[in-house]
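J.: Let me begin by handing over the structure; questions about it come next.
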Amino acid sequence: MKKILAVITITTALAGFIPATVYADLECGSSFDNYATFNSVQSASSCLTNNPAAPNPILYDTSTNTYTSLDGKVVSKPTGVYTCTYTNDLSGGTGPQTSTVYNPADCPSGGVVQNQSGQIVNQQQTSAPAATPAAAPAATPANTSNGNLGYTPLEPIQGITSGANGSAPDFPTLLDNLFNVLITIGALIAVLSLTIGGVQYMVSEALPNKKRGLDRARAALWGMLLVAGAWLILHTINPQLLNFTLNPCPSGNCSITPSSGNPNTGTPANGSIVTLSSDQQAQTGLGPIDSQALVTNNGETSAVDQIQSFNNQCMQHAGVMLASNLGTAGGANQTVWVCQHTAGTAYACNTPGCSAAAI
Amino acid sequence: MNIRTSYIGIGVAGLLLVFGFAWFFFFRPATPANPAPASGFGSVVNNNSTSVSGNQSAGGSGTNGIQSISQTQPVAQQKIVEVAQGPVVAATIVQTLRPTTTLARYISAQDGHVYDLPLDVPGAVPRVVSNTTIPGGYRALWAQGGSAVLMQYLEGGVTKTVYVGFPASSTAPTRVQFLPDNIIDFAVSPDGKSVAYLLSTPGGSSGYTAAANGTGAQKLFSLPLSQLLISWPSPGTLLVASKSASGVPGIALAVDVKSGIVSPLVYGPDLTAFADGNFSHVIYQTQPPGAAAPLTYIHTVRGGAERVLSLSPYPEQCTTSRSSVSVFYCATPLEYVGSGYLDLWHAGAASVADMLLMFNSASGTSTVLAAPGSSDGGSQADIFQLAASPDDHYLLYVTKGDRSLWGVRLGS
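What follows is the structure, encoded as structure tokens:
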């Protein structure tokens, strides 16, 4: 009898604990203030419901030791409520964005973190021109062009200090243009020297002078050969060797890492794949999309193969490829192609009451 | 002549040489590029570097207009080649069996004359099919397998619609017959033997069907809507849809050709629609609330299933395949254009470069066929009026702006 009672007691006790252990993975803090006193919840939605009593709920998953904020973003362990002001577009140049973060480290690179009193807590390290928040004094970003070090010429020379189409001056462009100009000047001097040598050979009567003219002409020919050869050899090996660049990611693989990383490390190259942060994904307004996205330059057709390839990959994953534009606040000249995995909102008229008269 | 004088002479000659070279390299006016070699697609136009000018991009997509792109392949090997400089009203592809020839048949907008040009026949020159002069045509649809055309033009504020039947032989006359004035929109049946058109009424609009030359007209339906477009995708069903306008609710309706019964299909803001060859799917575009750009859906007529279509093509820029009922071809912008673009596009106020795609309405798959201005050939273009050949080996398109006619080799 004692054994039966013991079994019943233990079973009852266990039964009382089962509900607590089933949902022990998820805990919810009703706001950042009491994040330390998390309570078990049955589902994420029951925690992350925006209600006046819990304006900033935090979901804590004990199995993965991750905290998730109201907008579904994984955040570091909350330390407070901060305002993060940062630039959030792929072209890296337009207006600042503001979001709420629960840890200064969650503010993207280049962003300025302010606490609720408006005091600047921390300015994140920047690797790209960052937006300047109105409340914070910001350093003037370096003049850059396509990720290269820029400069302001004292006296601009069309076609040398800037690109042929009037693009912004940068040091690699200057070197490129100087290379072309120096090759031209070298070729001109060689031709001139060849002419002088030839004339000297013809008009001189003394043998030493004739030999000097011949030597000059021979040297000029060697010079021409060297000038032409320098370009030809480099061009034969790889034409890219003739393009100077200081861009750290000339191939366009400037990864834009998710939330904890840098939103901008330069303008992505035409046809390159980038990784969108969760904020950038939300900014497309297209619902659930892959973080991987294709970037193409507007007005160019050279990346059509990449569009086809990206579309094939998207279809293989039962998605649809759609165009979006991040940072539409003027001046953006790149399109972001994303892969969406939901059917979207349909507008089919399938209900009996749906008719022309209803419109 | 002493050595000093000779050196001075050499110096002057050298300086002149240097200045000459400097002028040659730095100040010489740019010479125009050499014309492209003969295309082999027909010999009307070989210049494939024509740029389309006067275009603007829109929809927050920056300020890139359409630019011409240099070619990297010989024209004869490229997918896209210019067929006629235009302006062209409309074009179709006609295939003859004896001899087996594929002809691009097009109407010149200048005089309404109709020409044939064999495709992929080196040295071919266009042949006049009809020399009936109808200047100012702005829209045309082909009937009776390309042997007749229905064309609209404006005459003193009245929209005229004329049927022109081409002579079967050099001695036969050209048949010309006028349809009612002020037709809002018209469509030709898939077999090319009938025409459906919309006329405005005080309470909306009415739809009529008739033989292709306009005879035997019968009223089929009436609707309380006036801004409508009509198409005839499958033999038994008409598609009637409201004209697309940004922010305005639209509707697409199916109309039974025999009974005139009207059935609503889809509705939504900014709606524009197109149906496949057996009317099993309706491809429509609408602006979902909160979305930055409109989305294009495939709506299954039986069952009502919905599916988002990749790359959001505009139904206005689509045409059905003539060999497969579930295949259709579309042009779609190569960049993000945003909401309201279609209004600007219709008004001619916005234009971006397009690429050509093939879609399958049954599977929802999409394939990029070519992009004018890329290594495929041609120059960047805003495309409209696509037409496929009966065997799907060729596509024709007319560019907005200069209305030039281009051909695309799709292969077998």
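Listed in order, the protein sequences are those of chains A and B.
Note that my numbering has the first sequence beginning at -15, numbered continuously upward.
Note that my numbering has the second sequence beginning at 26, numbered continuously upward.
Idealized CB from N, CA, C, for every residue including glycine.
#1: How is residue 31(A) classed by DSSP in three states: helix, strand or coil?
#2: Relative to chain B, which residues along the stretch 179 to 201 of chain A have a C-beta separation below 8 Å, given in chain order?
#3: Could you give the first and the last residue of the continuous beta strand (DSSP E) run that contains residue 45(A)?
#4: Under 8 Å by Cβ, that's how I've got residue 34(B) and residue 179(A) pegged, so tell me the actual separation to the nearest angstrom.
#5: DSSP beta-bridge partners for residue 383(B)?
#6: Between which two residues does the alpha helix (DSSP H) containing residue 184(A) stretch?
#7: Against chain B, with Cβ distances strictly below 8 Å, would residue 174(A) count as a contact?
#8: For a cutoff of 8 Å on Cβ pairs, would you count residue 306(A) as touching chain B?
#9: Any beta carbon from chain B within less than 8 Å of residue 291(A)'s own beta carbon?
#10: Excluding the 5 residues flanking residue 304(B) on each side, which residues of the same chain have their C-beta closer than 8 Å to its C-beta?
#11: Assuming residue 353(B) and residue 346(B) are in contact, meaning their beta carbons sit under 8 Å apart, how far apart are those beta carbons, in whole angstroms?
#12: Going along chain A in order, which residues have a C-beta closer than 9 Å to the C-beta of residue 408(B)?
#13: Going along the chain, which residues of its own chain have a beta-carbon closer than 6 Å to the beta-carbon of residue 213(B), five neighbours each way excluded?
#14: Find the nearest neighbour of residue 421(B) within the set 285(B), 47(B), 123(B), 131(B), judged by alpha-carbon distance.
#15: Secondary structure at residue 181(B), three-state DSSP: helix, strand or coil?
#16: Helix, strand or coil for residue 259(A) per DSSP?
#17: In angstroms with no decimal places, state the Cα-to-Cα distance between residue 267(B) and residue 343(B).
#18: Of all the options 270(B), 350(B), 134(B), which has the alpha carbon lying nearest to the alpha carbon of residue 109(B)?
#19: Using a Cβ-Cβ cutoff of 9 Å, what residues of the stretch 32 to 46 of chain B are near chain A? List them in chain order.
#20: Please list, in chain order, all residues of the same chain as residue 287(B) whose beta carbon is under 6 Å from its beta carbon, the five residues on each side excluded.
#21: Spell out whether any CB of chain B is found under 8 Å from the CB atom of residue 344(A).
#22: Considering Cα atoms alone, identify which of 97(A), 185(A), 166(A) is closest to residue 215(A).
#23: So is residue 176(A) buried or exposed if we call it buried at 16+ other beta carbons inside 10 Å?
#24: For residue 209(A), report the span of its alpha helix (DSSP H) as first-last.
#25: Would you decide whether residue 384(B) is buried or exposed? Buried here means 16 or more other CB atoms lie within 10 Å of its CB.
#26: Excluding sequence positions up to five away, which residues of its chain have a Cβ less than 8 Å from the Cβ of residue 295(B)?
#27: Give a yes or no on whether the minimum CB-CB distance between residue 157(A) and chain B is below 8 Å.
#28: Select from the stretch 345 to 362 of chain B all residues with a C-beta closer than 8 Å to any C-beta belonging to chain A, and list them in chain order.
#29: Taking only three categories from DSSP, how would you classify residue 129(B)?
#30: Put residue 281(A) into one of helix, strand or coil per three-state DSSP.
#31: Helix, strand or coil: how does DSSP classify residue 31(B) here?
#32: Just the Cα atoms here: how many angstroms apart are residue 228(B) and residue 145(B)?
#33: State buried or exposed for residue 200(B), treating a residue as buried only when at least 16 other CB atoms are found within 10 Å of its CB.
#34: I need the boundaries of the alpha helix (DSSP H) containing residue 291(A), first residue and last residue.
#35: Please say whether residue 407(B) and residue 378(B) have beta carbons closer to each other than 8 Å?
#36: Going by C-alpha distance, which of 271(A), 320(A), 302(A) is nearest residue 258(A)?
T.: This is what the structure holds:
#1: Counting from 1 along the first sequence, the entry for residue 31(A) is found at position 47. Under the three-state reduction of DSSP, residue 31(A) is assigned to helix.
#2: Going along the stretch 179 to 201 of chain A in chain order, one finds 179, 180, 183, 184, 187, 188, 193 with a Cβ nearer than 8 Å to chain B.
#3: In the first sequence, residue 45(A) corresponds to position 61, counting from 1. Where residue 45(A) is concerned, the enclosing beta strand (DSSP E) starts and stops at 42 to 45.
#4: Taking the second sequence and counting its residues from 1, one reaches residue 34(B) at position 9. Taking the first sequence and counting its residues from 1, one reaches residue 179(A) at position 195. In this structure, residue 34(B) and residue 179(A) do not form a Cβ contact; the two beta carbons are roughly 11 Å apart against a cut-off of 8 Å.
#5: Translated into positions along the second sequence, residue 383(B) becomes position 358. For residue 383(B), which the question treats as bridged, DSSP gives the partners 354(B), 392(B).
#6: Within the first sequence, residue 184(A) is the residue found at index 200, counting from 1. Counting along the chain, the alpha helix (DSSP H) containing residue 184(A) begins and ends at 155 to 187.
#7: Here residue 174(A) refers to the residue found at position 190 of the first sequence. Chain B has no Cβ within less than 8 Å of the Cβ of residue 174(A).
#8: As a first step, residue 306(A) is located in the first sequence; it is residue number 322 there, counting from the start. Judged by the 8 Å Cβ criterion, residue 306(A) is in contact with chain B.
#9: Counting from 1 along the first sequence, the entry for residue 291(A) is found at position 307. Yes, contact with chain B.
#10: For the purposes of this step, residue 304(B) is identified with residue 279 of the second sequence, where counting begins at 1. Within its own chain, the residues whose Cβ lies closer than 8 Å to the Cβ of residue 304(B), once the five positions on either side in sequence are excluded, are 258, 259, 261, 262, 264, 279, 326, listed in chain order.
#11: Within the second sequence, the letter at position 328 stands for residue 353(B). Within the second sequence, the letter at position 321 stands for residue 346(B). Indeed they touch by this definition, with Cβ atoms about 6 Å apart.
#12: Counting from one through the second sequence, the residue named residue 408(B) turns up at place 383. Within 9 Å Cβ-Cβ: nothing; residue 408(B) doesn't reach chain A, min ~12 Å.
#13: Along the second sequence, read from residue 1 onward, the residue named residue 213(B) stands at position 188. The beta carbon of residue 213(B) sits closer than 6 Å to those of 166, 168, 220, all from its chain and outside the five residues before and after it, given in chain order.
#14: The sequence position of residue 421(B) within the second sequence is 396, counting from 1. Comparing C-alpha distances from residue 421(B) to each of 285(B), 47(B), 123(B), 131(B) shows the shortest one belongs to 131(B).
#15: Locating residue 181(B) in the second sequence gives position 156, counting from the first residue. In the displayed model, residue 181(B) falls within coil according to three-state DSSP, outside both helix and strand.
#16: Taking the first sequence and counting its residues from 1, one reaches residue 259(A) at position 275. Three-state DSSP puts residue 259(A) in a strand.
#17: In the second sequence, counting from the first residue as 1, residue 267(B) sits at position 242. In the second sequence, counting from the first residue as 1, residue 343(B) sits at position 318. Taking the straight line from one Cα to the other gives about 17 Å.
#18: Taking the first residue of the second sequence as position 1, residue 109(B) is located at position 84. Here the closest residue by C-alpha is 134(B).
#19: Residues of the stretch 32 to 46 of chain B with a Cβ closer than 9 Å to any Cβ of chain A, in chain order: 32, 34, 35, 36, 38, 39, 40, 42, 43, 46.
#20: Start at 1 with the first residue of the second sequence, and residue 287(B) comes out as number 262. Hits under 6 Å: 246, 278, 280.
#21: Residue 344(A) lies beyond the stretch modelled for chain A, which goes from -15 to 343, so this question has no answer here.
#22: Walking along the first sequence from the start, residue 215(A) turns up at place 231. Nearest neighbour of residue 215(A) by Cα position, chosen from 97(A), 185(A), 166(A), turns out to be 166(A).
#23: Numbered from its first residue, the first sequence carries residue 176(A) at position 192. When all chains shown are included, residue 176(A) counts as buried.
#24: Stepping through the first sequence from its first residue, residue 209(A) is reached at position 225. From DSSP, the alpha helix (DSSP H) with residue 209(A) extends over 191 to 221.
#25: The residue given as residue 384(B) occupies position 359 in the second sequence. Counting Cβ neighbours within 10 Å, residue 384(B) comes out buried, since at least 16 surround it.
#26: Position 270 of the second sequence, counted from the first residue, corresponds to residue 295(B). Hits under 8 Å: 269, 270, 271, 272, 273, 275, 310, 311, 312, 319, 364, 367.
#27: Here residue 157(A) corresponds to residue number 173 of the first sequence, with the count starting at 1. Output row for residue 157(A): interface = no.
#28: Within the stretch 345 to 362 of chain B, the qualifying residues are 358, 359, 360, 361, 362.
#29: Residue 129(B) sits at position 104 when you count from the first residue of the second sequence. The three-state secondary structure of residue 129(B), taken from DSSP, is strand.
#30: Along the first sequence, read from residue 1 onward, the residue named residue 281(A) stands at position 297. Three-state DSSP puts residue 281(A) in a strand.
#31: Taking the first residue of the second sequence as position 1, residue 31(B) is located at position 6. Helix at residue 31(B).
#32: Position 203 of the second sequence, counted from the start, is the residue given in the question as residue 228(B). Position 120 of the second sequence, counted from the start, is the residue given in the question as residue 145(B). In a straight line, the C-alpha of residue 228(B) is about 51 Å away from that of residue 145(B).
#33: Stepping through the second sequence from its first residue, residue 200(B) is reached at position 175. Exposed: under 16 other Cβ atoms inside 10 Å.
#34: On the first sequence, residue 291(A) is found 307 positions in, with the first residue counted as 1. Taken as a continuous stretch (DSSP letters only), the alpha helix (DSSP H) holding residue 291(A) covers 288 to 300.
#35: Against the second sequence, residue 378(B) aligns to sequence position 353. Against the second sequence, residue 407(B) aligns to sequence position 382. Yes, the Cβ-Cβ distance between residue 378(B) and residue 407(B) is below 8 Å.
#36: Mapped onto the first sequence, residue 258(A) falls at position 274. When each option's Cα is compared against that of residue 258(A), the closest is 320(A).
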